[in-house]
Amino acid sequence: MRRHVYIGFLGAIALGLVLYLPLLSGWYDLNGIPEARGVETGRGVPSSPNHMLYQPVGFLMYQLAGFLGYSGPSAPVLQVLTALFGALGLGFVFLTYHHLSKRVGIGLAVTAMLATSWAYWSFSTDISYIVPAAAVVAAALAIGTRPRLSTPASVGLGLIAALAVLFWQANVFLIPTLAAGLLWTRRARLPQTSVFVLVATLAAGLSYVGVGIVVHGQTTPLGAVTWALRYGGASLPTWGHWSLDRLPLAVIHQMSSVFPLGAGMRLDQLTQVLVSPRLDRLAIAAVGVVAVWLLVSRLRGRPARQADSIAWLLLGYLLYFVFIVWWDPQEPKWFIIPNILLGAILAILLVRRPLQRYDKPVLLGCVAVVAASNFFTTIWPRHAEANPSLATARCISERMSERDIILAGDWSWDGYVTYFYRREVLLLVGATAQYGSKEAALTALGELIRKRLAAGNRVFISDMAAYSADYWTWLTAQTGFRPDDFAPLATQPAFDCNGVRIRQVMSISSSTVP
Numbered sequence: 262m263r264r265h266v267y268i269g270f271l272g273a274i275a276l277g278l279v280l281y282l283p284l285l286s287g288w289y290d291l292n293g294i295p296e297a298r299g300v301e302t303g304r305g306v307p308s309s310p311n312h313m314l315y316q317p318v319g320f321l322m323y324q325l326a327g328f329l330g331y332s333g334p335s336a337p338v339l340q341v342l343t344a345l346f347g348a349l350g351l352g353f354v355f356l357t358y359h360h361l362s363k364r365v366g367i368g369l370a371v372t373a374m375l376a377t378s379w380a381y382w383s384f385s386t387d388i389s390y391i392v393p394a395a396a397v398v399a400a401a402l403a404i405g406t407r408p409r410l411s412t413p414a415s416v417g418l419g420l421i422a423a424l425a426v427l428f429w430q431a432n433v434f435l436i437p438t439l440a441a442g443l444l445w446t447r448r449a450r451l452p453q454t455s456v457f458v459l460v461a462t463l464a465a466g467l468s469y470v471g472v473g474i475v476v477h478g479q480t481t482p483l484g485a486v487t488w489a490l491r492y493g494g495a496s497l498p499t500w501g502h503w504s505l506d507r508l509p510l511a512v513i514h515q516m517s518s519v520f521p522l523g524a525g526m527r528l529d530q531l532t533q534v535l536v537s538p539r540l541d542r543l544a545i546a547a548v549g550v551v552a553v554w555l556l557v558s559r560l561r562g563r564p565a566r567q568a569d570s571i572a573w574l575l576l577g578y579l580l581y582f583v584f585i586v587w588w589d590p591q592e593p594k595w596f597i598i599p600n601i602l603l604g605a606i607l608a609i610l611l612v613r614r615p616l617q618r619y620d621k622p623v624l625l626g627c628v629a630v631v632a633a634s635n636f637f638t639t640i641w642p643r644h645a646e647a648n649p650s651l652a653t654a655r656c657i658s659e660r661m662s663e664r665d666i667i668l669a670g671d672w673s674w675d676g677y678v679t680y681f682y683r684r685e686v687l688l689l690v691g692a693t694a695q696y697g698s699k700e701a702a703l704t705a706l707g708e709l710i711r712k713r714l715a716a717g718n719r720v721f722i723s724d725m726a727a728y729s730a731d732y733w734t735w736l737t738a739q740t741g742f743r744p745d746d747f748a749p750l751a752t753q754p755a756f757d758c759n760g761v762r763i764r765q766v767m768s769i770s771s772s773t774v775p
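So the mapping is simple: the working numbering equals the position in the sequence shown, first residue as 1, plus 261.
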């Protein structure tokens with residue numbers, strides 16, 4: 262590795278360390294709370310085929326922290342772990358972009374844009390398995406974009422690709438993406454590419470079968486494979502189905518993965534002077550203009566190898582994109598890995614001889630807009646300001662005893678109550694998926710409530726009448742629950758926490774369901 266490339270690699274990692282470690286989120290993503298709970302209670306056992314390795318690696322990190330004298334919860338440790346992976350991933354991202362563009366400056370600039378994009382930055386400061394998965398993908402891309410790939414290197418690349426799959430199951434799409442890249446750009450011949458595909462497939466497949474049999478009690482390899490193919494286990498209807506109206510949602514959240522559209526980005530948050538009511542429209546328009554300008558002005562006359570690289574990177578992006586449309590188009594974090602591929606395409610498109618005088622200012626300006634908007638709307642507030650949902654969880658928990666249970670009507674605070682305050686919560690949103698049907702869920706809830714009341718324990722429930730009509734439309738679509746399903750519950754007002762109204766269940770009718 263030449264000296265300037267080595268410096269760029271270390272510089273990208275240093276950038277990540279500066280951006281992530283000092284700015285860890287105090288809000289704690291609710292999707293990360295089960296990971297923290299699993300690390301503390303499951304002794305690092307792989308719990309889900311979706312992301313098998315995050316909890317075992319987190320468990321090792323938590324044990325190391327304990328050995329060094331740390332005695333607190335695992336959540337901050339997992340945040341540090343995620344931040345370290347995020348920073349390391351930037352180093353490999355830079356190597357990938359440099360391999361494709363042959364320009365250190367371009368590699369660093371596009372890496373900085375990815376590093377400060379909304380999804381990469383915000384999830385690198387929180388608990389998230391998607392960031393370590395992205396770091397391993399970046400390592401595989403850094404190897405796969407080298408000028409030539411030997412047979413031993415093909416074996417190593419296959420093992421790293423398998424590791425990426427074990428960190429996030431959807432990274433199975435990395436295998437055909439890299440195979441296409443190796444063949445189309447002639448970085449490897451068919452024998453080396455076949456070795457890569459075989460090693461990656463066998464390593465990932467055997468790992469799933471082994472974990473399914475040894476850890477999760479599957480008795481046959483076929484049963485283990487079936488377990489592994491249940492991507493997320495029991496799920497809501499919104500996950501894993503096709504619908505044409507999901508495509509615009511995916512496009513919107515693709516943009517949200519770069520800019521803080523959900524945070525209501527405002528220019529006055531950057532300059533304290535209200536020049537435009539919303540900067541997000543300006544930012545999107547600027548990116549659109551830049552994208553069109555790049556495509557029109559730079560695709561013509563491209564060397565064949567650059568065109569081939571753009572083709573296989575675009576193929577990989579589309580594979581991930583189609584999966585996201587099917588699985589969950591409303592979550593920006595899924596686009597972290599596709600954004601690495603988009604960044605690689607951008608790095609290639611930015612290569613031009615001679616450089617125009619406006620190239621560097623435009624590129625640096627885009628990086629500055631992305632970084633500043635995300636910092637002021639999301640990163641700094643989540644680091645420095647209190648999480649209102651966490652305050653709600655504390656308020657609710659203080660009014661419960663360890664023997665009480667609360668039925669949560671939404672998932673804005675339930676994980677905090679369970680993890681930080683050790684109170685029992687049953688989330689109604691997931692009840693239908695957990696029990697298999699609405700009727701089975703209502704029957705189980707009725708039995709649970711009767712048992713708790715008979716034992717003299719208190720049962721609380723979210724004030725279901727307080728939810729809006731729009732929320733009930735969504736809840737009914739996901740669970741089948743309707744307001745009258747809870748009519749058999751005799752409740753009275755219990756307390757109010759930051760606008761969240763909670764009622765106490767006093768009795769339940771003789772019906773078998775609430």
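Built from N, CA and C at the ideal position, the CB exists for glycine as well. Predicted model only: the values in this text are computed from it and were never measured.
According to the Cβ coordinates, are Ala399 and Val338 closer than 9 Å? no
C-alpha distance - Gly466 paired with Gln739, whole-angstrom precision: 32 Å
*asked:* With a threshold of 6 Å on Cβ separation, who are the neighbours of Pro538 within its own chain once the five nearest residues in sequence on each side are excluded?
replied: Bear in mind that a pLDDT of 40 at Pro538, under 50, signals an unreliable position, so the number given afterwards is only what the model happens to contain. Excluding sequence neighbours, Pro538 sits near nothing in its chain.
- Message: Pop quiz: Asp665 and Arg684 are said to be a contact at Cβ under 8 Å. What is the actual Cβ separation, rounded to whole angstroms?
- Response: 7 Å
| said: Three Cβ pairs or more, each shorter than 8 Å: is that satisfied between the segment 311-322 and the segment 692-702? | reply: no
Practice item. Would you decide whether Asn245 is buried or exposed? Buried here means 16 or more other CB atoms lie within 10 Å of its CB. Key: The structure shown has nothing for residue 245, since the chain only spans 262 to 775.
Next item on the list: Say whether the segment 413-430 touches the segment 367-382, bearing in mind that this needs 3 or more beta-carbon pairs closer than 8 Å, one atom from each stretch.
Entry: no
If you draw a straight line from the C-alpha of Ala326 to the C-alpha of Gly352, how long is it? 25 Å
Check: Taking the alpha helix (DSSP H) that Leu314 falls in, what are its first and last residues?
Finding: Element bounds for Leu314: n/a, residue is neither H nor E.
_Taking contact to mean 3 or more Cβ pairs, one atom from each stretch, closer than 8 Å, check whether the segment 356-372 and the segment 318-325 are in contact._
no
TODO: Could you tell me which of Pro599, Arg711 and Gly691 sits nearest to Asn432, measuring between CA atoms?
DONE: Pro599
Quick one: what's Leu687 bridged to in DSSP? Leu668
### Task
Determine the extent of the alpha helix (DSSP H) in which Ala715 is found, giving its start and end residues.
Lys699 to Ala715
Checklist line | C-alpha gap between Phe270 and Leu356, whole angstroms | finding: 7 Å
- Task: Kindly say whether Asp589, judged by its beta-carbon, lies nearer than 9 Å to any beta-carbon of chain D.
- Result: Absent from the structure: chain D. Only one protein chain is present.
Problem - Whole-angstrom C-beta distance between Cys758 and Ile667, which should lie under 8 Å - result: That belief does not hold up - the Cβ atoms of Ile667 and Cys758 are roughly 11 Å apart, past 8 Å.
| Below 9 Å between beta carbons: does that hold for Val686 and Val678? | yes
Residues that DSSP places opposite Val456 in a beta bridge: Val456 pairs with nothing; no bridge assigned.
**OP:** In angstroms with no decimal places, state the Cα-to-Cα distance between Arg491 and Thr693.
**Re:** 17 Å
Q) For Pro622, does the three-state DSSP call read helix, strand or coil? A) helix
Pick helix, strand or coil for Val300, following the three-state DSSP scheme.
-> helix
Practice problem: Along the beta strand (DSSP E) that carries Thr481, what are the first and last residues, could you check? | Solution: From DSSP, Thr481 is part of no beta strand (DSSP E); its letter is neither H nor E.
Alpha carbon to alpha carbon, how far is Val628 from Gln533? Give it in angstroms, no decimals. Residue placement at Gln533 cannot be trusted, given a pLDDT of 36 that sits under 50; the coordinates are not used to answer.
*Element boundaries [alpha helix (DSSP H), containing Ala396]*: Ile391 to Gly405
Q: With a cut-off of 8 Å on the beta carbons, I'd call Thr438 and Gly577 a contact; round off their distance for me.
A: 3 Å
Continuous alpha helix (DSSP H) stretch holding Asp731: start and end: Ala730 to Thr740
*Where the beta strand (DSSP E) through Gln765 begins and ends*: Val761 to Ile769
task: Alpha carbon to alpha carbon, how far is Pro509 from Ile609? Give it in angstroms, no decimals.
output: 27 Å
**Request:** In angstroms with no decimal places, state the Cα-to-Cα distance between Leu706 and Val279.
**Result:** 48 Å
| said: Using a Cβ distance threshold of 8 Å, determine whether the segment 637-648 contacts the segment 434-453, with at least three qualifying pairs required. | reply: no
Original post:
Given Pro317, which residues of its chain have a CB within under 7 Å of its CB, disregarding the five upstream and five downstream residues?
Top reply: Gly305 and Pro307
Practice prompt. Helix, strand or coil for Asp745, going by three-state DSSP, please let me know.
Written response: helix
- If you drop the 5 nearest sequence neighbours on each side, which residues of the same chain put their C-beta closer than 7 Å to that of Ala344? Tyr281, Leu282, Leu285, Ser385 and Thr386
Residues that DSSP places opposite Asp243 in a beta bridge: Here the chain comprises residues numbered 262 to 775, so residue 243 is not present and cannot be evaluated.
_In the DSSP output, what is Thr752 paired with across the bridge?_
Val766
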